[in-house]
Amino acid sequence: MAGGGTSLGCASMNLLELKSIGHGFLGRAILDNIRLAVRKGEMVALVGPSGCGKSTLAQIAAGLIASRHGTVERGYRRSAFVFQEPRLLPWVTVAANVGLGLSGISLSRREKIDRIAAACRRVSLDEADCQKFPSQLSGGMRQRTAIARALVGDPDFVYFDEPFTALDAALRRRMQDLVITTVARRGTGGLFITHDIQEAVRICHRIAVLDRRGHGVLDCVTVPHAPGERSDELVFETARRLLRENPFFSVIEECDERKIA
Ligand SMILES: Nc1ncnc2c1ncn2[C@@H]1O[C@H](COP(=O)(O)OP(=O)(O)OP(=O)(O)O)[C@@H](O)[C@H]1O
Ligand SMILES: [Mg+2]
Numbered sequence: 012m013a014g015g016g017t018s019l020g021c022a023s024m025n026l027l028e029l030k031s032i033g034h035g036f037l038g039r040a041i042l043d044n045i046r047l048a049v050r051k052g053e054m055v056a057l058v059g060p061s062g063c064g065k066s067t068l069a070q071i072a073a074g075l076i077a078s079r080h081g082t083v084e085r086g087y088r089r090s091a092f093v094f095q096e097p098r099l100l101p102w103v104t105v106a107a108n109v110g111l112g113l114s115g116i117s118l119s120r121r122e123k124i125d126r127i128a129a130a131c132r133r134v135s136l137d138e139a140d141c142q143k144f145p146s147q148l149s150g151g152m153r154q155r156t157a158i159a160r161a162l163v164g165d166p167d168f169v170y171f172d173e174p175f176t177a178l179d180a181a182l183r184r185r186m187q188d189l190v191i192t193t194v195a196r197r198g199t200g201g202l203f204i205t206h207d208i209q210e211a212v213r214i215c216h217r218i219a220v221l222d223r224r225g226h227g228v229l230d231c232v233t234v235p236h237a238p239g240e241r242s243d244e245l246v247f248e249t250a251r252r253l254l255r256e257n258p259f260f261s262v263i264e265e266c267d268e269r270k271i272a
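The sequence shown begins at 12 in the working numbering and counts up one residue at a time.
Below, the structure written as structure tokens:
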């Protein structure tokens with residue numbers, strides 16, 4: 012889903028600044044005192060055990076949920092959100108679903124068609140796929156349609172909530188490359204939620220680890236070199252080292268929501 016009109020509140024070069032965010036559901040505290048900033052041209056990974064509040068935090072940052080405490084400052088002009096599930100309209104085609112990402116942008120019919128076709132090509136959906144309805148797609152194709160819908164409007168900030176989990180290894184790598192080149196060429200910023208530390212190391216500039224109970228950002232690690240310039244060996248070794256040597260990273264694999272008392 013693409014969204015326009017954000018409050019241009021960031022005084023600095025930050026595209027997004029979360030200040031002491033706190034939230035809860037049904038009287039249960041989920042997030043507390045979360046502080047995080049994302050600069051222009053920076054992709055920041057958000058990792059943490061299942062149920063710690065990553066999706067909730069991203070939706071608060073995007074303005075889809077109002078937080079109970081704290082403030083969000085947004086310095087971007089246009090944002091898009093790739094949700095954990097594709098959220099496509101079942102009664103229109105892939106092309107029409109992708110076209111929803113152009114709402115609010117003034118373009119001729121021809122320009123819209125060209126932009127939609129280009130966005131579909133970027134996520135490896137061909138012309139025949141574009142005429143299909145969501146029920147005729149595989150899970151991975153649905154998720155790629157959602158990614159195309161997010162990118163078609165050229166947002167300067169993108170929220171990704173575990174966008175590649177439905178994809179096979181080759182497509183996953185191709186979509187990771189798409190994120191890397193989009194950020195490098197267009198200066199796009201974003202938050203990228205993932206459970207896969209190797210994925211975070213491969214495509215992000217920094218990795219923020221959320222506490223298992225959402226009580227703050229435990230650690231924020233800067234990954235060496237720029238995304239796209241890291242060899243597979245470096246990615247593998249950096250992820251291995253973080254999981255083995257950084258106690259905050261090791262909790263990601265150890266616990267999930269079901270184990271929290
Ligand atoms: N609308 C809601 N009403 C009540 N509780 C909610 C709601 N949305 C989320 N929660 C609860 O808030 C907590 C955080 O949920 P959230 O989806 O943000 O976690 P997450 O870190 O994204 O997990 P995962 O990695 O499994 O996607 C969970 O305990 C969840 O059950
Ligand atoms: Mg989630």
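Think of the CB as a built atom: it goes at the ideal place given N, C-alpha and C, for glycine as much as any other residue.
Burial state of residue i (16 or more Cβ within 10 Å)
i    : result
Q187 : buried
G15  : Any reading at G15 needs caution, since the residue's pLDDT is 34, under 50, leaving its predicted position unreliable; the model's value is listed next. G15 comes out exposed.
L37  : exposed
I124 : exposed
D43  : buried
G115 : exposed
P166 : buried
P258 : exposed
E122 : exposed
Residue i at chain D interface by Cβ criterion, 8 Å
i    : result
A159 : Structure shown: chain D not included; a single protein chain is present.
CA-to-CA distance, residue j to residue i, given in whole angstroms
i    : j    : result
R281 : F171 : Because the chain here runs from 12 to 272, residue 281 falls outside it and cannot be looked at.
G62  : E53  : 25 Å
R79  : A139 : 46 Å
E256 : V220 : 14 Å
Residue i CB to nearest heavy atom of ligand 1 below 7 Å
i    : result
F36  : yes
T249 : no
Q154 : no
S61  : yes
I41  : yes
T67  : yes
Same chain, Cβ closer than 8 Å to residue i, five either side skipped, listed in chain order
i    : result
L253 : I208, V212, I218, V232 and F260
D267 : Confidence at D267 is low in this model, with a pLDDT of 47, below 50, so its placement is unreliable and the value that follows should be read with caution. Excluding positions up to five away in sequence, the list reads P60, S61 and G62.
Contact test: residue i Cβ vs ligand 4 heavy atom, cutoff 7 Å
i    : result
T176 : As for ligand 4, it is missing from this structure, which binds only ligand 1 and ligand 2.
Contact test: residue i Cβ vs ligand 2 heavy atom, cutoff 7 Å
i    : result
S78  : no
D172 : yes
Q95  : yes
K51  : no
S119 : no
7 Å Cβ shell around residue i - same chain, five flanking residues per side excluded
i   : result
I41 : H34, G35, G64, T67 and G225
Own chain, CB closer than 6 Å to residue i, minus 5 neighbours either side, in chain order
i    : result
C141 : V105, A106 and C131
A22  : With a pLDDT of 47 at A22, under the threshold of 50, the modelled position of this residue cannot be trusted, and the question is left open.
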